[in-house]
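Asks: Sending over a structure as C-alpha cells; questions will come in a sec.
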Amino acid sequence: MTARIAIVLILLAAGWAAPVTAQTLYKLVDKAGKVTYVDRIPKGFDGEVTPIIIDPATNAASPVRVAPAPKAEEAKKDGKDYNTRRRDDRARLRLALDQAQAKLAAAKKALADGVEPMEDEYQVIQQKIDAAGAKPGAQGPRSNCRRQGNIFVCPTIVPGERYRERQAALEEAVRVAEAELAVAETAFRRGTD
1 MTARIAIVLI
11 LLAAGWAAPV
21 TAQTLYKLVD
31 KAGKVTYVDR
41 IPKGFDGEVT
51 PIIIDPATNA
61 ASPVRVAPAP
71 KAEEAKKDGK
81 DYNTRRRDDR
91 ARLRLALDQA
101 QAKLAAAKKA
111 LADGVEPMED
121 EYQVIQQKID
131 AAGAKPGAQG
141 PRSNCRRQGN
151 IFVCPTIVPG
161 ERYRERQAAL
171 EEAVRVAEAE
181 LAVAETAFRR
191 GTD
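And the structure:
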C-alpha cells in the first residue's frame, strides 16, 4: 500500500470518528417559483431563502419505522397469501379480458349483420337523371320516371336517416368495445408480469 493511500484512509477514519455537528441547508425559491436545496447560498441570489437545520444527533435517535408492505396488509385482511391473491387477480383479469373479447366479437357481428337496411329504414328520394341526349317523348331509364324539361325525375327507394343512425351506433359500439379490450389487455399484461 502506498503512503498516499494510507494517509487518505487515516483521514477518512478520523473523519468518521469525529463527532457529527449540526448542518444547515437552505431552501431557495427563485422568482419563477423553482425550488432548490443547497448547502451554501449562491452570491447574488434574489429570491426567498429558508434555512433548514439538520441535527444528526436528533435524527439518529429517532426511531425508524418501516411501514409494512401493502401486500402483507392485504394478506392479513383476507387471510390469503401472496401467491393465492396473485392467482385470484390473474383469474379476475383473464375473465375481464375474455369478456372484453366477447363484447368486441358481438359488436363486430352486429355490425356485419346490420348492413342490410330494415323495412322501416328506407326513404323515397327523387333521383334526377340528365335527359339532354334523349329523344323527345322517350321513356326514362326506368318505368317510374317522368320527364321534366331536360331531366328525368325517378322516384327511388334508398336507406334513410334511421339506417345511417343505426350504422353509426353499431360502429360506435365496435369502437367502444375495441377501447375496452385495449384497457383489459393492458391490465392483464401488467397484472400478470
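Here our numbering is used: position 100 in the sequence shown is 100, and no number is missing along the way. Just so it is clear, CB atoms sit at the ideal spot from N, CA and C, and this is done for glycine as well. Just so you know, these numbers come straight off a predicted model, no measurement behind them.
(1) So E130 is in the alpha helix (DSSP H); what residue range does that whole segment cover?
(2) Starting from F45, trace the alpha helix (DSSP H) both ways and give me its first and last residue.
(3) Does the segment 118-125 come within contact of the segment 144-157, defined as at least 3 CB pairs closer than 8 Å?
(4) Please determine, among Q139, Q23, K27, V174, the residue with the shortest C-alpha to C-alpha distance to Q101.
(5) Can you give me the start and stop residues for the alpha helix (DSSP H) that V176 sits inside?
(6) Between F188 and the rest of its own chain, which residues show a CB-CB distance below 7 Å, the 5 nearest in sequence each way excluded?
(7) Mapping the DSSP letters down to three states, classify R86 as helix, strand or coil.
(8) Mind checking L25: buried by the 16 CB within 10 Å criterion, or exposed?
(9) Here's a check: name, in chain order, each residue in its chain whose Cβ is nearer than 7 Å to the Cβ of V153, leaving out the five neighbours to either side.
(10) I'd like to confirm the pairing. Which residues does DSSP put opposite K31 in its beta bridges?
(11) Just verifying my parser: in three-state terms, what is the DSSP assignment at Q23?
(12) Output the boundary residues of the beta strand (DSSP E) element that contains R142.
(13) Just to confirm before moving on: does the CB-CB distance between K109 and A177 stay below 7 Å?
(14) Could you tell me which residues DSSP puts in a beta bridge with Q101?
(15) Buried or exposed: A112, going by 16 or more other Cβ atoms within 10 Å of its Cβ?
(16) Name the residue from D39, R40, I54, K31 whose alpha carbon lies nearest to the alpha carbon of E48.
Replies: Here's the rundown:
(1) As a working mapping, residue 130 is identified with position 130 in the sequence shown. With the sequence shown as reference, residue 130 is identified as Asp, and Glu is not the correct amino acid for it. For D130, no alpha helix (DSSP H) encloses it; the enclosing beta strand (DSSP E) starts and ends at 122-130.
(2) Residue 45 sits at position 45 when you count from the first residue of the sequence shown. For F45, there is no enclosing alpha helix (DSSP H), since its DSSP letter is neither H nor E.
(3) Judged by Cβ distances under 8 Å, the segment 118-125 makes contact with the segment 144-157, as three or more pairs qualify.
(4) Looking up residue 101 in the sequence shown gives position 101. Among Q139, Q23, K27, V174, the Cα nearest to that of Q101 belongs to V174.
(5) As a working mapping, residue 176 is identified with position 176 in the sequence shown. Residue range 161-191 is occupied by the alpha helix (DSSP H) that includes V176.
(6) Taking the sequence shown and counting its residues from 1, one reaches residue 188 at position 188. Apart from the 5 residues on each side of it in sequence, F188 sits with its Cβ closer than 7 Å to the Cβ of L93, R94, L97 in its chain, given in chain order.
(7) Here residue 86 refers to the residue found at position 86 of the sequence shown. If DSSP states are grouped into helix, strand and coil, R86 belongs with the helices.
(8) Translated into positions along the sequence shown, residue 25 becomes position 25. With fewer than 16 other Cβ atoms within 10 Å, it is exposed.
(9) Within the sequence shown, residue 153 is the residue found at index 153, counting from 1. Same-chain partners within the cutoff: Q126, K128, C145, R146.
(10) Position 31 of the sequence shown holds residue 31. Residue pairing by DSSP leaves K31 without any beta bridge partner.
(11) Along the sequence shown, one-based indexing puts residue 23 at 23. It is a strand residue.
(12) Position 142 of the sequence shown, counted from the start, is the residue given in the question as residue 142. R142 -> no beta strand (DSSP E), and no H or E assigned at all.
(13) Reading the sequence shown from its first residue, position 109 is the one you call residue 109. Reading the sequence shown from its first residue, position 177 is the one you call residue 177. Against a cut-off of 7 Å, the Cβ pair of A177 and K109 comes out as no contact.
(14) Position 101 of the sequence shown, counted from the start, is the residue given in the question as residue 101. Per DSSP, none; premise fails for Q101.
(15) Within the sequence shown, numbered from 1, the residue matching residue 112 stands at position 112. Exposed, because fewer than 16 other Cβ atoms sit within 10 Å of the Cβ of A112.
(16) Indexing the sequence shown from 1 puts residue 48 at position 48. Here the closest residue by C-alpha is K31.
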